[in-house]
Structure formats: structure tokens, C-alpha cells
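Accompanying notes for the structure given below.
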Amino acid sequence: MSKVRFCTLYSGSSANSAYIEINGKSILIDAGASMKRTEAALNQLDRSLSDIEAVFITHEHSDHIAGLPMITKHHHVPVIANQNTLNKIMISHHNIDKGLLRVMPTGSRAVKDEFCVMSFASRHDGVEPVGYTITYGDIKLGILTDSGEVTEEMNNALCGCRAVLLESNHDVGMLRCGPYPYNLQQRILGSCGHLSNMQCAKTLAGLIEKGTEHVFLGHLSNENNTPKTAMDTVCCYLEEKGIVNGKDVVVEVSPRYEISGVFEV
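Residue numbers (this note's numbering): 7 to 271.
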């Protein structure tokens with residue numbers, strides 16, 4: 007039986023949630039879809055929301071927190087984030103049970119039984135966005151979505167992760183020629199926007215050299231990207247660096263409405 011399982015329940019510009027299970031203990035990173043949809047995704051893993059011990063939040067945008075009110079109401083799951091993010095959650099979801107909110111300052115760690123969850127600052131236009139790493143013994147997992155760039159600090163945090171969920175939000179050409187107004191394009195392309203397919207690819211090349219063996223391409227835009235475009239861009243760049251998908255690493259796109267493949271150890 008696997009001691010570690012890591013996958014996305016759903017991932018895209020409309021809703022996001024990642025699932026981590028270690029020695030039978032389960033957590034979510036974000037819960038951006040309805041309770042019903044999140045429960046249905048967990049059921050495909052033979053799990054349910056009653057198995058979830060905590061939901062760690064990356065930032066307060068609705069595609070990452072929309073499911074929290076019903077999940078906390080019906081399953082009493084603790085919600086963990088930095089204080090600024092929790093404040094925003096309490097404003098947007100004022101009926102949420104404040105007794106279930108737990109403060110985790112950015113850069114700190116939370117120990118859950120035998121594994122450790124640590125946050126690190128990301129670059130997005132939320133109030134205080136973060137990414138996360140989860141460590142169990144010598145196994146390290148990483149999550150970074152919703153960031154306009156990958157700083158040295160972020161890269162260092164993700165270095166050594168066996169599996170990584172990394173944003174591959176848009177193709178720059180599709181974005182520039184697409185329906186979005188200029189100011190929205192600039193927001194997405196900015197340092198506090200979203201990672202492009204090429205930014206993702208360049209980051210992954212370095213991480214794979216340091217031991218990353220499984221990659222989930224996440225948070226794809228519905229208007230400015232396609233799964234094929236993301237995969238082609240990332241895999242072609244990696245091949246230029248001598249890294250072959252299916253041989254040196256496993257790269258997959260996290261589906262928008264379904265669970266991804268599962269990284270298991």
C-alpha cells in the first residue's frame with residue numbers, strides 16, 4: 007500500500023484543489039469548487055471529505071476558496087492560511103465558522119503527525135499568496151500556482167521535490183491574440199500574474215535536474231491555453247535540455263473537471 011499519494015482533484019482558471027495523503031492522513035490544498043464536486047472527486051480515490059484533516063489555502067481568490075463555506079459547515083474541517091488571507095476569507099464568506107480558522111504565518115510550518123507542511127511566499131495579486139511544500143521523511147512534494155514569476159526563494163523551496171504541481175497558465179501568443187482586454191493581459195503577464203507555459207518549462211528543467219520525477223501542469227487558462235499546447239511547449243523545451251517525458255520524468259496536465267493521475271510512493 008502506498009504511503010504517499012498526491013494528485014489534483016480539479017485544476018484550472020475556474021477551480022482548484024490538490025489532494026495529499028500520507029500514511030492515511032489526508033489534506034487538501036485549496037477547495038475552489040462546490041462541496042458536492044469536491045466530494046465526488048475524493049470518492050474516486052476511495053476517500054471522502056470526512057477523511058480530510060485540514061484545508062491549506064494558497065490565497066483568497068474564489069477559484070481556490072469557493073467550497074469552504076459548505077465544507078466547513080458540514081464537515082468541520084479546519085482551514086489553514088496566513089492571517090491576511092484568513093481576513094479576506096472572512097470578508098467574502100462572512101458566515102464561515104471562525105472557530106475552524108487556523109493561522110499559519112507565511113514561511114512557517116505545520117506538523118501533521120509524521121509529515122510537515124511549509125508555506126513560502128509567491129507572487130500574485132492576492133493579499134498574501136503562498137505556495138506549499140509537504141515533507142515526509144525524504145519525500146518532498148511541492149505546489150506553486152498563481153504566481154507571475156518564480157523567484158529564487160520559490161525555486162529553492164521547490165528544489166528537491168519528488169513531485170510538483172506547477173502553474174502552466176497560458177500561452178503568451180494565445181493571450182495576446184485572444185479576447186482579453188489589454189489591461190487584463192498585462193495583469194496576467196505581470197510579475198504578480200500567472201506563469202506562462204514557457205516560464206513553467208524553464209522552471210521545471212532546473213527542478214528535474216535536482217530530482218523532480220513527476221510534474222502536474224496546473225491552473226491552465228480555458229481561453230488562453232489548451233492541454234496540448236501546454237504539454238507541447240513544456241515537453242519540447244525539456245527535450246532541448248535533454249530531458250525526455252516518460253523516461254526522465256513524468257509530465258501530465260491536471261484536468262479542469264476531473265482528478266489527475268496519482269503520484270504514489
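Don't be surprised by glycine CBs; every beta carbon is placed ideally from N, CA and C.
Measure the Cβ-Cβ separation of residue i and residue j and say whether it is below 7 Å.
i, j, result
"H70", "G30", "no"
"Q89", "V109", "yes"
"C167", "T112", "no"
"M41", "I77", "yes"
"S153", "S125", "no"
"I140", "L147", "yes"
"A163", "H220", "no"
"A236", "V259", "yes"
"A47", "I265", "yes"
"L201", "E173", "yes"
"S32", "D57", "yes"
"S197", "E155", "yes"
"G184", "E229", "yes"
Cβ of residue i versus every heavy atom of the ligand ZN: is any distance shorter than 6 Å?
i, result
"L171", "The ligand ZN is not part of this structure, which contains no ligands at all."
For residue i, list the residues DSSP reports as bridge partners.
i, result
"C13", "Y25"
"L172", "L150 and L223"
"L34", "Y25 and V61"
"I321", "Since the first residue shown for the chain is 7 and the last is 271, residue 321 is missing from the structure and cannot be characterised."
"L107", "V85"
"Y142", "I145"
"G137", "F126"
"S202", "H176"
"N251", "V255"
"C117", "It is Val, not Cys, that sits at residue 117 in the sequence shown. Partner(s): C122."
"E270", "R11"
At the level of alpha carbons, what is the spacing between residue i and residue j?
i, j, result
"G179", "L226", "15 Å"
"N161", "L213", "8 Å"
"D144", "F121", "10 Å"
"T209", "S98", "33 Å"
"L181", "T232", "12 Å"
"Y188", "N203", "20 Å"
"Q205", "E159", "16 Å"
"D177", "L92", "32 Å"
"R43", "S68", "15 Å"
"F269", "N49", "17 Å"
"N101", "R262", "28 Å"
"G248", "V257", "15 Å"
"C242", "H65", "31 Å"
"H272", "G252", "With the chain covering only 7 through 271, there is no way to say anything about residue 272."
"D119", "C165", "23 Å"
"R193", "Y186", "11 Å"
"R11", "R53", "12 Å"
"G267", "T157", "28 Å"
"Y25", "N175", "20 Å"
Restricting to Cα atoms, I'd like to know which of the options is closest to residue i.
i, options, result
"L5", "E215, D131 and H100", "It is not possible to answer for residue 5, since the shown part of the chain is limited to 7 through 271."
"S8", "L164, Y16, L51 and A211", "L51"
"T14", "I58, L223, D254 and V256", "L223"
"K104", "P75, L181 and D119", "P75"
"E27", "Y188, L55, R43 and G18", "L55"
"L171", "L106, H81 and A207", "A207"
"I63", "E215, E45, H80 and P84", "P84"
"V240", "A211, E215, G267 and P261", "A211"
"A87", "V123, H100 and N101", "V123"
"E215", "K234, R43, L244 and C183", "L244"
"V61", "R262, I35 and K79", "I35"
"H80", "E66, H65 and L106", "L106"
Quick one: is residue i buried, meaning 16 or more other Cβ sit within 10 Å of its Cβ, or exposed?
i, result
"V250", "exposed"
"P135", "buried"
"S114", "exposed"
"E45", "buried"
"E17", "A small correction: the amino acid at residue 17 is Ser; Glu does not occupy that position in the sequence shown. Under this definition S17 is a buried residue."
"S23", "buried"
"Y142", "buried"
"G137", "buried"
"E59", "exposed"
Using a Cβ-Cβ distance cut-off of 7 Å, determine whether residue i contacts chain D.
i, result
"H100", "In the structure shown, chain D cannot be found, because there is only a single protein chain."
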